[in-house]
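Down below is the structure, laid out as structure tokens.
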Amino acid sequence: MHNDSNVGSIEAIQKLYRDGFEEHTQTHTATTINCITPLVKLTQICIDALNQGNKILFAGNGGSAADAQHLATELTIRFEINRPAIAAIALTTDTSTITAAANDFGFNLIFSRQVEALGKPGDVFIGITTSGKSPNILTAFEQARKMGITCVAFTGSAGAQLQDVVDVLIMVPSTNTARVQEEHILLGHLLCKGLEQNISAKRD
1 MHNDSNVGSI EAIQKLYRDG FEEHTQTHTA TTINCITPLV KLTQICIDAL NQGNKILFAG
61 NGGSAADAQH LATELTIRFE INRPAIAAIA LTTDTSTITA AANDFGFNLI FSRQVEALGK
121 PGDVFIGITT SGKSPNILTA FEQARKMGIT CVAFTGSAGA QLQDVVDVLI MVPSTNTARV
181 QEEHILLGHL LCKGLEQNIS AKRD
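Residue numbers in the sequence shown follow UniProt numbering, run continuously in steps of one, and reach 204 at the last position.
This is the structure in structure tokens:
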């Protein structure tokens with residue numbers, strides 16, 4: 001039998017949602033202030049890399065893995081306009097590769113092994129980690145740096161220490177994982193838009 005005493009009131013649920021919207025708005029405003037400059041820098045780096053025949057590699061765990069696949073697809077296929085394909089690979093999609101690496105070398109190396117195999121000097125590696133502490137992203141950064149690959153972190157406030165590890169730090173000023181993820185996909189979409197329009201313009 002349904003127990004109404006365990007059901008939140010309409011007012012309580014509305015407040016929960018309003019608070020969520022308010023927190024999102026505050027985070028979004030702070031992200032706009034904090035992330036425009038590094039995002040422009042990243043866009044310029046990616047344009048230069050792509051125009052020289054290099055590519056962008058993405059990686060992340062959980063929801064960030066989904067973001068990695070999402071953004072790589074937007075670039076490879078299209079975001080808003082028809083244009084030549086942009087070279088982008090998500091290192092989160094090949095289950096045979098991921099499970100073999102995890103089984104033979106350990107889960108911390110599932111991305112670094114792929115960076116070693118697929119990356120080359122001049123490429124761009126974007127590691128997405130809301131905490132800034134994902135071991136497999138950190139080892140991938142280490143491998144990428146050894147190879148002359150530009151390292152970029154999409155993270156939250158907890159990942160501030162990555163400024164000493166990467167070339168470009170895109171840090172959403174929040175410790176709330178959901179809010180950080182929401183801003184990451186917006187920032188990723190803006191990156192796709194910037195690349196799509198500029199790469200298209202240069203190739204026309």
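All C-beta atoms in this analysis are idealised placements derived from N, C-alpha and C, irrespective of residue type, glycine included.
{"Item": "Closest residue to arginine 179 among Ala12, Gly63, Asn51 (Cα-Cα distance)", "Value": "Gly63"}
{"Item": "Cβ neighbour criterion (16 or more within 10 Å) applied to methionine 1", "Value": "Note that methionine 1 has pLDDT 47, beneath the 50 cutoff, so the model's placement of it is unreliable and no number is given."}
{"Item": "Segment limits, alpha helix (DSSP H) that includes glycine 127", "Value": "Run containing glycine 127: none in the alpha helix (DSSP H); it sits in the beta strand (DSSP E), 124 to 128."}
{"Item": "Nonlocal neighbours in the same chain, by C-beta distance under 6 Å from alanine 158, ignoring five residues either side", "Value": "Ser131, Gly132, Thr175"}
{"Item": "Of the listed residues Phe125, Thr139, Gly148, Glu116, nearest to leucine 57 (C-alpha basis)", "Value": "Phe125"}
{"Item": "Touch test, the stretch 115 to 122 against the stretch 12 to 26, Cβ-Cβ under 8 Å, three pairs minimum", "Value": "no"}
{"Item": "As assigned by DSSP and simplified to three states, the class of phenylalanine 107", "Value": "helix"}
{"Item": "Inter-residue CB distance, asparagine 136 and phenylalanine 107 (contact presumed, cutoff 8 Å)", "Value": "6 Å"}
{"Item": "Collapsed DSSP secondary structure at glycine 132 in the structure displayed", "Value": "coil"}
{"Item": "Among Ile86, Ser112, Ala87, Ala85, nearest to isoleucine 98 - alpha-carbon criterion", "Value": "Ser112"}
{"Item": "Rounded distance between the beta-carbons of leucine 42 and valine 152, thought under 8 Å", "Value": "6 Å"}
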